[in-house]
Amino acid sequence: MNKILQAKLSLMMFLEFFIWGAWYSTVAVFMTSNGMENLTHWPFTVNPIAAIIAPFFVGLIADRYFATEKVLGTLHILGAFFMFLTPMAVEQPVLFILLLLAYNLCYMPTMSLANTLSFHHIDDQEKDFPIIRVFGTIGWIVAGLAISFVLGMFVAENVKPEQTALPLYMTAAASLLLGVYSFSLPHTPPPAAGEKVSIRSIVGIDAFKQLGSRSFYVFLFSSFLLCIPLAAYYNFTQIFIGNAGFENIAATLTIGQMSEVLFMVLIPAMFIRLGVKWMLAAGMLAWVLRYALFAVGATEPTTWMILAGIALHGICYDFFFVTGQIYVDKKSTAEIRGQAQGLIVLITYGVGMLIGAQIAGMVYNSFLGTAESLTLSQWYDFWWIPAIFAAAVMIFFIIFFNDKVLDEETTADDITI
Numbered sequence: 017m018n019k020i021l022q023a024k025l026s027l028m029m030f031l032e033f034f035i036w037g038a039w040y041s042t043v044a045v046f047m048t049s050n051g052m053e054n055l056t057h058w059p060f061t062v063n064p065i066a067a068i069i070a071p072f073f074v075g076l077i078a079d080r081y082f083a084t085e086k087v088l089g090t091l092h093i094l095g096a097f098f099m100f101l102t103p104m105a106v107e108q109p110v111l112f113i114l115l116l117l118a119y120n121l122c123y124m125p126t127m128s129l130a131n132t133l134s135f136h137h138i139d140d141q142e143k144d145f146p147i148i149r150v151f152g153t154i155g156w157i158v159a160g161l162a163i164s165f166v167l168g169m170f171v172a173e174n175v176k177p178e179q180t181a182l183p184l185y186m187t188a189a190a191s192l193l194l195g196v197y198s199f200s201l202p203h204t205p206p207p208a209a210g211e212k213v214s215i216r217s218i219v220g221i222d223a224f225k226q227l228g229s230r231s232f233y234v235f236l237f238s239s240f241l242l243c244i245p246l247a248a249y250y251n252f253t254q255i256f257i258g259n260a261g262f263e264n265i266a267a268t269l270t271i272g273q274m275s276e277v278l279f280m281v282l283i284p285a286m287f288i289r290l291g292v293k294w295m296l297a298a299g300m301l302a303w304v305l306r307y308a309l310f311a312v313g314a315t316e317p318t319t320w321m322i323l324a325g326i327a328l329h330g331i332c333y334d335f336f337f338v339t340g341q342i343y344v345d346k347k348s349t350a351e352i353r354g355q356a357q358g359l360i361v362l363i364t365y366g367v368g369m370l371i372g373a374q375i376a377g378m379v380y381n382s383f384l385g386t387a388e389s390l391t392l393s394q395w396y397d398f399w400w401i402p403a404i405f406a407a408a409v410m411i412f413f414i415i416f417f418n419d420k421v422l423d424e425e426t427t428a429d430d431i432t433i
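If you use this note's numbering, the sequence shown corresponds to residues 17 to 433, in order.
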């Protein structure tokens with residue numbers, strides 16, 4: 017693969033996830049510091065709403081009529097405009113949330129567009145794409161470090177940068193930069209130009225029917241259920257560690273992305289050793305342990321327990337979601353592979369996270385009452401709820417999932433990360 021092209025695509029992916037990490041891991045802290053502590057679940061609600069809508073926009077419009085790099089650039093520039101306006105609406109919560117919705121409607125389609133653009137120009141997807149995609153994780157990490165240690169230099173001594181609008185403005189600036197940069201990327205014609213694309217194929221109805229088996233349905237249902245307690249992590253961990261006395265909130269959360277890179281490397285070997293069922297079960301168990309560590313670590317608070325809970329993100333994400341993507345890919349035929357992957361994203365990051373964000377918000381607000389933040393004893397009680405829920409999902413999955421044929425046919429050469 018051409019090194020210059022690889023560098024350009026890697027920079028695109030770096031900025032793509034830098035943008036997401038800059039606001040996603042800080043917005044709840046900002047809202048809590050500006051009188052919206054009982055509304056922090058809404059950014060994590062509008063995000064999955066946008067994730068549900070994005071496939072329809074990409075499949076019915078972007079993939080059929082416009083060059084990918086131009087759509088990518090236009091959406092990021094428009095998104096920069098909405099994100100720039102968002103902090104200005106801090107005194108009007110409804111407008112604040114609507115602006116975040118508008119921003120996410122611009123951003124979420126760009127994730128698949130960035131992947132489409134990359135795959136169009138690389139020669140060897142299995143070899144080249146992981147190298148490009150890892151820069152996305154690096155971008156998220158750099159965003160967290162930049163917020164804590166760079167933006168931190170521009171705030172008052174007793175103020176955390178996450179409590180200010182600076183991360184949101186940094187998001188807008190990075191989005192504008194990527195928007196302009198996108199127009200310099202290689203021309204990528206609309207991949208589905210002239211093809212008949214239906215809502216049925218975008219939603220994945222054909223894939224759902226063709227992959228139909230008890231184990232597949234159990235996997236799909238378990239994935240959906242697990243995303244309900246998962247929403248509590250993305251929404252409230254940033255608030256929790258601030259209450260627990262951590263100073264560099266955004267930087268601390270990047271430990272999860274660092275472990276994600278580490279465990280990604282271990283997946284092929286572990287897949288062969290454990291098989292798909294126990295890989296997925298290990299990922300579920302990691303979610304149970306994470307929340308249990310948060311609960312027990314909240315009482316003192318105990319720093320190592322909280323950090324260990326964050327560091328488990330590598331197993332939580334890689335062993336369940338990445339393994340799940342591999343499982344779906346191996347079950348699929350070439351004709352429905354794209355639909356199948358879209359289906360799992362729609363059910364997990366779309367519907368599951370949407371329901372999870374609302375439930376987590378209601379639970380959190382029931383603890384919060386009229387206070388500004390939860391006490392450490394309340395955090396103890398709060399974290400046990402998703403821990404127990406995740407444990408129930410894990411037990412259900414272990415009892416009812418039994419795809420032995422897939423495990424027996426899987427070899428190291430079959431697994432692609």
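All C-beta atoms in this analysis are idealised placements derived from N, C-alpha and C, irrespective of residue type, glycine included.
Determine the closest residue to residue i out of the options, with distance taken between C-alpha atoms.
i	options	result
L182	L101, A356, T318, F72	L101
F235	T364, V312, F46, L323	T364
Q273	L328, A209, L115	L328
L246	R149, Y333, L384	Y333
F30	A66, N54, Y197	Y197
F256	F151, A314, I65	A314
Q179	K212, Y81, T42, F279	T42
D419	T349, H203, L290	L290
A67	E388, A407, L362, M378	L362
Alpha carbon to alpha carbon, what distance is there between residue j and residue i?
i	j	result
G366	T391	31 Å
D144	M410	34 Å
S191	M127	13 Å
M17	V277	23 Å
R230	V338	21 Å
V344	C122	28 Å
A105	M47	11 Å
M300	L242	8 Å
W400	M124	31 Å
A428	V292	Low local confidence applies: a pLDDT of 45 at A428 is under 50, so the model's placement there is unreliable, with the coordinate-based value given in what follows. When rounded, the distance between both Cα atoms is 12 Å.
I163	L227	44 Å
A324	A209	48 Å
M52	E263	21 Å
L184	I35	9 Å
R149	G385	42 Å
T253	P103	21 Å
A248	I360	20 Å
A19	G358	For clarity, residue 19 is Lys in the given sequence; the question names Ala instead. Computed Cα separation, rounded: 30 Å.
K347	F417	14 Å
A373	Y380	10 Å
F72	S217	10 Å
A436	G377	The question about residue 436 has no answer, for the chain in this structure spans 17 to 433.
W294	I215	34 Å
So residue i and residue j are in contact, right, with Cβ under 8 Å, and what is the actual spacing, rounded?
i	j	result
L25	H137	7 Å
A297	I404	Their Cβ separation, rounded to whole angstroms, is 17 Å, which puts A297 and I404 out of contact at 8 Å.
F240	G368	5 Å
M321	L305	Not really, about 10 Å apart at Cβ, beyond 8 Å.
A302	I331	4 Å
G258	V45	6 Å
N251	F60	5 Å
L167	P177	4 Å
A38	M186	5 Å
A267	F165	6 Å
L201	L94	Wrong, their Cβ atoms sit about 17 Å apart, outside the cutoff.
P64	L370	4 Å
I244	I375	6 Å
What does a CB cutoff of less than 7 Å around residue i pick up in its chain, not counting 5 residues either side in sequence?
i	result
W58	I113
P317	A260, G261, L392
Y233	none
F98	L115, A118, Y119, C122
F412	S238
V158	F34
Apart from the five residues on each side of it in sequence, which residues of its chain come closer than 8 Å, Cβ to Cβ, to residue i?
i	result
L434	Residue coverage of the chain in this structure runs from 17 to 433, which leaves residue 434 outside it and unanswerable.
I147	Q22, S26
A189	A96
P207	D79, T84, T132, H136
T204	A83, T84, E85, T132, L133, H136, H137
Does the ligand SAM have even one heavy atom less than 7 Å from the beta-carbon of residue i?
i	result
K212	Among the ligands in the structure shown, none appear at all, so the ligand SAM cannot be discussed.
Excluding sequence positions up to five away, which residues of its chain have a Cβ less than 6 Å from the Cβ of residue i?
i	result
A311	Y396, W399, W400
L117	V62
S275	A327, H329, G330
L194	L31, H92
F437	Past the edges of the chain, shown from 17 to 433, lies residue 437, and the structure says nothing about it.
P402	P245, A248, Y307
**Message:** At 4 residues or longer, what runs of the alpha helix (DSSP H) sit wholly inside the stretch 184-259?
**Reply:** Entirely contained in the stretch 184-259, the alpha helix (DSSP H) runs reaching 4 residues are, in chain order, 215-219, 221-226, 230-259.
**Message:** Quick check on the DSSP output: what are the complete beta strand (DSSP E) runs of length 3 or more inside the stretch 46-104, in order along the chain?
**Reply:** none
**Request:** Starting from the N-terminal side, write out each stretch of the alpha helix (DSSP H) that is 4 residues or longer and does not extend beyond the stretch 261-334.
**Result:** 265-314, 319-327
**Asked** Going along the chain, which unbroken runs of the beta strand (DSSP E) with 3 or more residues stay wholly within the stretch 343-400?
**Response** none
**Request:** Could you name each continuous alpha helix (DSSP H) segment of 4 residues or more that falls completely within the stretch 95-174, going from the start of the chain to the end?
**Result:** Those alpha helix (DSSP H) runs which fall completely within the stretch 95-174 and span 4+ residues are 109-137, 141-165.
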